[in-house]
Each structure stands twice: as structure tokens, then as C-alpha cells.
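Numbering (the numbering used here), first residue to last: 2 to 777.
#1: At the level of alpha carbons, what is the spacing between residue 462 and residue 468?
#2: If you draw a straight line from the alpha carbon of residue 629 to that of residue 406, how long is it in whole angstroms?
#3: Which of helix, strand or coil does DSSP assign to residue 64?
#4: Any contact of the segment 724 to 744 with the segment 595 to 602, i.e. 3+ C-beta pairs under 8 Å?
#5: Can you list, in chain order, the residues of its chain with a C-beta nearer than 6 Å to that of residue 1? Leave out the 5 residues immediately preceding and following it.
#6: Is the segment 522 to 530 in contact with the segment 620 to 636, if contact means three or more CB pairs nearer than 8 Å?
#7: Considering only DSSP beta bridges, list what residue 307 is partnered with.
#8: Give me, in chain order, the residues of the same chain whose beta-carbon lies closer than 6 Å to that of residue 564; leave out the 5 immediate sequence neighbours on both sides.
#9: Since I believe residue 218 is in contact with residue 32 (beta carbons under 8 Å), could you give me their beta-carbon distance rounded to a whole number of angstroms?
#10: Helix, strand or coil: how does DSSP classify residue 765 here?
#11: Tell me whether the beta-carbon of residue 748 lies closer than 7 Å to the beta-carbon of residue 670.
#12: Looking only at DSSP bridge pairs, what is residue 134 linked to?
#13: For residue 746 and residue 207, I'd like the C-alpha separation in whole angstroms.
#14: Ignore the nearest five residues each way along the sequence and tell me which others in residue 762's own chain have a CB closer than 6 Å to its CB.
#15: What are the residues that DSSP puts in a beta bridge with residue 292?
#16: Taking 8 Å as the limit between beta carbons, can you name the residues of its chain near residue 372, skipping five residues before and five after?
#17: Across which residues does DSSP place residue 155 in a beta bridge pair?
#18: Measure the C-alpha to C-alpha separation of residue 130 and residue 50 and round it to an integer number of angstroms.
#19: For residue 344, count neighbouring C-beta atoms within 10 Å of its own C-beta (all shown protein chains included) and say buried if the count is 16 or more, exposed if not.
#20: Please report the distance separating the alpha-carbon of residue 351 from that of residue 22.
#21: Report the option in 697, 181, 74 and 421 whose CA atom is closest to the CA atom of residue 474.
#22: Would you call the segment 52 to 67 in contact with the segment 150 to 160, where contact means no fewer than 3 C-beta pairs closer than 8 Å?
#23: Going by the CB atoms, is the gap between residue 666 and residue 537 shorter than 7 Å?
#24: So residue 39 packs on residue 340, CB below 8 Å; how close in whole Å?
#25: Taking buried to mean at least 16 other C-beta atoms within 10 Å of its own C-beta, is residue 280 buried or exposed?
#26: Please report the distance separating the alpha-carbon of residue 290 from that of residue 244.
#27: Can residue 658 and residue 692 be called in contact, C-beta distance under 7 Å?
#28: Report all residues from its chain with a CB closer than 7 Å to the CB of residue 413; omit the five preceding and five following residues, and keep chain order.
#29: Any idea what DSSP makes of residue 388, helix, strand or coil?
#30: Please list the segments of the alpha helix (DSSP H) lying wholly inside the segment 727 to 756, counting only runs of 4 or more residues, in order along the chain.
#31: Going by CA-CA distance only, name the one from 534, 614, 685 and 679 that's closest to residue 635.
#32: Suppose contacts are defined by Cβ-Cβ distances below 7 Å. Is residue 391 in contact with residue 510 by that definition?
#33: Mind checking whether residue 213 and residue 174 have CB atoms under 7 Å apart?
#34: With distance defined between alpha-carbon atoms, name the residue in 418, 223, 247 and 109 nearest to residue 271.
#35: Could you check whether residue 284 and residue 323 sit closer than 7 Å to each other, using their CB atoms as the reference points?
#36: Which same chain residues, not among the five before or five after residue 767, have their C-beta less than 6 Å away from its C-beta?
If you want it as C-alpha cells, here you go:
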């Protein structure tokens with residue numbers, strides 16, 4: 002199949018339809034895959050809490066026995082209690098008691114006498130009173146057994162993974178059928194209604210995509226509600242039986258409710274250790290005697306309520322007492338909202354990718370007949386490569402810092418980011434000669450291969466030194482890809498009339514950063530970091546075929562002026578020509594040092610290094626970290642969607658960008674622990690950062706002959722300043738991060754520094770002539 006056939010006529014139409022169907026299928030399948038993995042994780046955690054509540058039935062008597070001073074191996078009655086648990090719960094494979102050295106003292110059913118260590122520990126939120134480990138066959142929930150002096154052993158409950166997987170797959174069977182129906186509808190619409198949607202492709206394909214995505218999201222959410230409701234009911238029932246057993250022990254001693262002291266403290270401890278509980282109450286004769294929770298005993302306050310009649314009685318008339326345990330309304334809503342957040346970000350990322358594909362595979366008109374349409378089409382075909390470069394940058398953003406700190410504590414993450422951004426800057430600065438020797442097309446192919454190889458290798462190694470080397474190579478590929486993309490664009494266009502479409506490429510980069518951050522976080526959370534690295538390594542290989550077959554041909558460039566202007570157009574090391582009213586190019590130096598450098602330093606140090614580590618320390622999973630970091634890219638995307646600022650307002654917009662960034666960092670430092678403040682501050686920071694970069698790097702007009710003059714200009718310091726900020730940011734923030742007792746205070750200090758440096762710049766340039774045009 003020739004490149005000419007794919008670029009024109011039926012070949013292009015078939016390629017466009019195939020790419021659209023692939024994006025639609027991947028989007029709808031991604032909804033089901035994300036929902037399935039979220040259901041497996043969420044339902045499994047509910048089962049862990051249920052097992053912990055069942056284990057408390059044995060943990061309580063064993064610890065009472067230990068506090069008397071008797072050794073753990075002398076406990077009696079274990080087999081009776083454990084057998085009753087296994088008979089009531091068929092998913093419970095085994096119950097064991099182990100000493101501090103890991104030797105099995107009691108086991109039901111009787112089996113092996115030595116515990117085999119499981120290969121992986123399941124991450125747990127802060128404050129969880131039990132530990133969970135897993136392998137390919139089973140989960141193991143361990144509760145500590147303590148005497149008066151400390152932990153002397155543990156109680157383990159083993160549950161089969163198959164029980165969880167079968168329950169989840171049973172609820173998702175209908176979704177697989179619905180997914181097939183939606184895919185058939187999408188294929189029929191794309192193939193059968195071409196005359197309709199080709200007139201207004203964004204409207205009709207957008208409606209079809211939104212409808213399919215909305216139906217699958219709604220169906221997946223309903224399946225999650227059903228599954229989580231079942232899990233919460235089981236968990237509430239287990240907690241109620243655990244507490245009822247402890248209260249019935251007092252009744253067997255002949256005590257009544259009035260003889261017991263500290264019941265309110267007992268119920269509050271249960272509610273504190275199980276935050277999903279809405280209320281716990283002891284009720285006799287429809288009167289609430291003891292309660293924990295504001296709505297205890299009130300109808301409709303909880304989503305689920307479980308009632309148990311106790312053996313305890315109250316008063317001289319021996320009134321029966323019942324225990325009511327309810328699950329709070331927010332218990333289900335919080336778990337459901339967690340999955341819906343992932344669907345929302347996945348919708349944005351897939352929508353941006355679909356719009357990109359729709360534009361990239363549009364027919365490319367001839368330059369001689371329609372030059373304006375040719376310019377738009379050429380930029381559209383280069384946008385996927387700009388998207389890919391930012392996509393690879395954001396793919397490991399949510400988990401790379403924590404993974405590096407696990408391999409090399411005390412600065413491993415900062416070194417990785419320093420190596421990546423430093424190598425990327427060097428590749429961007431010194432790729433001019435290679436582009437001239439090899440040509441933009443061959444150079445771009447090599448950059449794609451260099452971007453793929455390190456990520457593929459990182460998926461199969463865990464040595465930090467090798468990671469450091471691979472991140473250097475990945476940075477070289479990232480910088481070479483950006484430089485090759487720009488060189489290819491300049492090679493297609495007239496060298497003395499550079500294309501004024503930088504905002505569209507910047508929009509693609511912001512979309513790629515958002516999509517890479519979200520997808521990388523989802524893959525790392527559900528399949529592990531290896532899956533994210535494999536995805537990052539395979540995407541450039543797929544882009545190789547696209548670049549070879551669908552990039553605009555270089556022979557479209559006007560060759561009448563010879564190669565000299567084209568070589569001059571590649572010299573981006575020299576500064577663009579400034580308007581005559583700006584004076585010397587050195588007047589641009591204060592803006593770069595006092596505004597541009599701090600913004601890039603803060604982005605590299607805080608967004609890439611500090612925030613992922615802090616969020617991970619707060620117990621957030623990788624997908625949640627990725628969603629929060631993606632808010633920064635979403636704010637930047639909003640900035641590029643808005644119309645570009647006029648020259649007369651550039652200084653005011655720059656002032657607003659500096660002020661907004663400083664305020665966002667101050668808000669993160671002072672109230673970043675509050676989720677609404679954290680979310681709004683990240684979005685504002687991304688918007689202001691993109692606004693600052695847009696004001697400092699807006700394209701400047703050039704007159705005839707200025708392309709040749711640029712070749713003789715002094716070297717530009719703009720790439721050097723950008724590299725300095727991105728490289729030194731993680732190192733600087735890493736040195737400051739552990740100094741205060743509250744790490745977020747560092748962000749407040751950085752925000753104050755941004756405001757002070759910005760104020761110094763505007764004060765120094767307040768009387769310079771042509772100050773508005775300097776950023777035009």
C-alpha cells in the first residue's frame with residue numbers, strides 16, 4: 002500500500018474511518034475496563050473490612066486471654082470460634098493464629114505449620130487497623146494480637162480471590178453485552194451515515210461519541226452502585242455481629258445494660274475506626290439508651306441499617322435491647338464519586354484524542370490552489386506528534402516520584418527529573434546540526450524511536466542507576482521530538498513566513514499532558530507502573546507509521562529561494578526579531594529571569610516532585626494523584642482555548658498571571674489539606690502558568706530578510722532559562738521539602754517568592770518605552 006494511496010482518495014477515507022472507530026472502541030472499552038478494575042478494588046476493600054470485623058470476634062477473646070498473662074499458644078477455644086466463622090462465610094478459606102516469628106500456632110482447617118510469605122502487600126489508607134497481603138490465588142487479612150506490653154502475634158483470615166472476581170464479573174456481564182451493542186451502533190453510524198456527519202463532523206461525531214460514552218458511564222455507575230451496596234450491607238452486618246457478640250458476653254455473666262459503664266466510649270471507638278458507619282445505637286422500648294452518631298435511631302438517616310436483638314436487658318422489667326448499626330449515606334456516594342471522577346477525566350482525554358484524529362486524517366488540499374487551507378491541514382497533521390510528546394511527558398507523572406523514592410530514598414525522584422529535563426534541553430539546543438544533515442523527516446523518525454526504547458526498557462528493570470540512564474535517553478528523545486516537530490513545520494512552510502499556528506500546537510501539547518497524566522495514573526493504579534511504561538513505549542512505535550504515511554510532504558515547500566532561508570529558519574537558537582520599539586534584546590532578560598524562570602522552577606519542583614510525594618504520603622492512590630495533577634493541565638488547556646491576548650494587554654495579563662500563580666501557591670501552602678482549596682488552586686496555577694508562558698513566548702512579526710538576520714544574532718537564552726528552571730526545580734524543592742514540620746509550607750514560601758520577583762520585574766520595567774510590545 003503506497004503512501005500516495007493513503008494520503009488521498011479512498012485510502013485516506015478508509016484510514017480516517019478506521020482511526021475514528023479505533024478511538025471510539027478504545028474509549029468505550031476504557032470505560033468498562035476502568036469500571037471493572039475500580040469495582041474489583043473497591044469491592045475487595047469492602048471484603049477486607051468485613052473479614053476484619055469477623056476477625057474481631059476471635060481477636061477480642063484472644064487479647065483478653067493475653068492480658069491476663071497467659072502465653073498465646075495456651076489459648077483454648079480457637080477451633081470452636083474459627084469453625085463458626087467458616088461455616089457462616091463460605092468465602093473464608095482458613096483462619097490462623099501466628100506468633101511474632103511467623104509460626105502457625107492454630108489453624109482452621111488444620112494444615113501447614115509454617116506461613117508462606119505473600120509477594121505483595123496491598124496499600125492501605127492511614128489509620129487502618131489491619132494489613133492485607135495478596136498473591137495470585139488469595140487475600141490474607143492480618144489483625145494484630147497484643148498483650149499488656151506489645152504485639153505478640155497476629156490473626157490471619159484467608160479469602161480466595163476467585164470469590165471477589167466472580168462476584169464482580171457476575172454484576173458486569175450485562176455491561177459486556179451493552180458494550181457490544183454500543184460498538185455496533187458506533188460502527189453503523191460512522192460507516193452508514195457518512196453523508197450526514199461528514200458535513201459537520203465535530204457536531205455529529207461528537208454527539209455520537211458523547212451518547213455512547215454517557216450510556217456506558219451510566220450503566221457502569223449503576224453496576225458499581227449495586228456492587229458497593231452489596232458490599233456495604235455485608236460489612237455493616239459483620240460489624241453489627243462483632244459488636245453484638247461483645248455485648249452478649251456481658252449478658253451471659255448475668256449483667257444488664259445498666260450495670261455496664263463506658264458503652265458510649267465503646268460505640269464511639271467503633272465509629273471512629275469504621276468511618277463509613279453513620280450511627281450505632283442501643284434501643285429498648287423504642288428509646289435510644291446509648292448512641293454514637295447524630296442521627297442514631299432516626300428513620301432515613303442511613304442508607305443501610307442492620308438490627309440485631311441482644312441477650313442484654315434493661316431495667317427491672319427486663320426490657321429487650323436491640324443494636325442498630327447503619328451505614329452513612331456518604332459511604333456509597335464517596336466510593337461511587339471516585340469512579341465517576343475517573344470516567345470524567347477519561348471522557349476529556351478521549352474527546353481530545355478523537356478531535357485530534359478527526360483533524361489529522363482530513364484531506365490535505367494543494368498549496369498552489371488553496372494555500373490557507375493547506376497551512377491549516379499541515380498543522381493538523383503535525384498536532385498528533387505534539388500531542389505525543391506531551392503525552393509521554395505526563396504518562397509517569399503520577400507515580401514516578403514515589404517509585405523513584407522507593408528505589409533510592411532521599412533524592413532519587415529529584416535526580417530522575419533533573420536528568421530527564423536536562424537531557425531534553427540539550428537535545429533541543431543541539432539538534433539543529435543533525436536536522437540539517439539528516440533532514441526533518443529522518444530526524445523525526447529517529448526521535449520517535451529514541452522516545453520508545455527507554456520506556457520499554459524501564460518496564461523490565463528495577464535498578465535505579467539504570468533508570469537514571471534510561472530517563473536521560475528518554476529526555477533526549479523528548480527534546481528531539483519537539484525539535485523535529487518544529488523543524489518539520491518550518492520545512493513545510495515558507496521559511497521567511499513562519500506559520501502563526503503555535504497556539505494550536507500548544508493546545509495539542511496541553512491535551513497530551515492531560516491525557517498522559519490521566520491514562521498513566523489509571524494504568525499504574527490498576528495494572529502497575531509496568532503497564533504505563535509499556536504503553537509509553539508502544540505509542541511512539543505506532544506514531545512511526547503515522548509519521549511515515551500521513552505527514553505533509555516536504556516537496557510542498559517553495560524551492561525557488563534555495564536552501565539558504567530554510568537553513569536560517571532552523572536557527573531557533575537565535576532570538577526572534579523584536580519590534581523596533583523594544584530596543585535591545587537584552588531588555589527581555591529581566592522578564593525571563595524574574596518571571597519565566599520562577600514559573601518553570603516551581604512547575605518542575607512542585608508539580609513533578611513535591612505534590613506526588615505529598616499526596617502519596619496522605620494515602621492517595623496513583624489514579625487519584627493523576628486526576629489532581631491533571632487539573633493543572635486542564636487549567637493550561639483553558640488558557641490556550643481562550644483567544645490570544647492583544648499586544649496592548651500583554652503586560653496586564655502577565656501581571657495577572659504572576660499574581661494568580663503566587664496566590665495559588667499560597668493557598669496550597671496554607672490550606673492545601675482541604676480538597677476544594679487544593680483543586681481550585683491547582684486549576685488556577687495551571688491557567689496562570691500557561692498565561693505567563695504565552696505572554697513571554699508569543700510569536701513576533703518578521704519582515705523580509707529577517708530570517709537571514711537571525712542567523713547572525715546572538716544566542717538566545719530562552720531555552721537555557723527554561724532548562725534551568727525545569728532541571729533545578731526538583732533539586733531545590735527536594736532540599737527544602739523536609740525542613741518545616743508541615744511540608745506544604747514550602748509551597749507558601751515559593752508563592753511569596755514568585756510574587757516578590759514578579760513585583761521586582763514590574764518595578765524595574767515601569768519606565769521603559771515600548772514595554773507592552775516587548776511581550777508581543
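No residue lacks a Cβ here, since even glycine has one placed at the ideal position from N, Cα and C.
Being a predicted model, the structure only gives us computed values, none of them experimental.
Once the coordinates are examined:
#1: 8 Å
#2: 20 Å
#3: helix
#4: yes
#5: Here the chain has residues from 2 to 777 only, and residue 1 is not among them.
#6: yes
#7: 326
#8: Note on residue 564: pLDDT 40, under 50, position unreliable in the model; the coordinate value appears next. Within the same chain, residue 564 has no close Cβ partners at all.
#9: 6 Å
#10: helix
#11: yes
#12: 122 and 141
#13: 44 Å
#14: 591, 595 and 596
#15: 282
#16: none
#17: 99 and 145
#18: 10 Å
#19: buried
#20: 12 Å
#21: 421
#22: yes
#23: no
#24: 5 Å
#25: buried
#26: 16 Å
#27: yes
#28: 405, 406 and 465
#29: helix
#30: none
#31: 685
#32: yes
#33: no
#34: 247
#35: yes
#36: none
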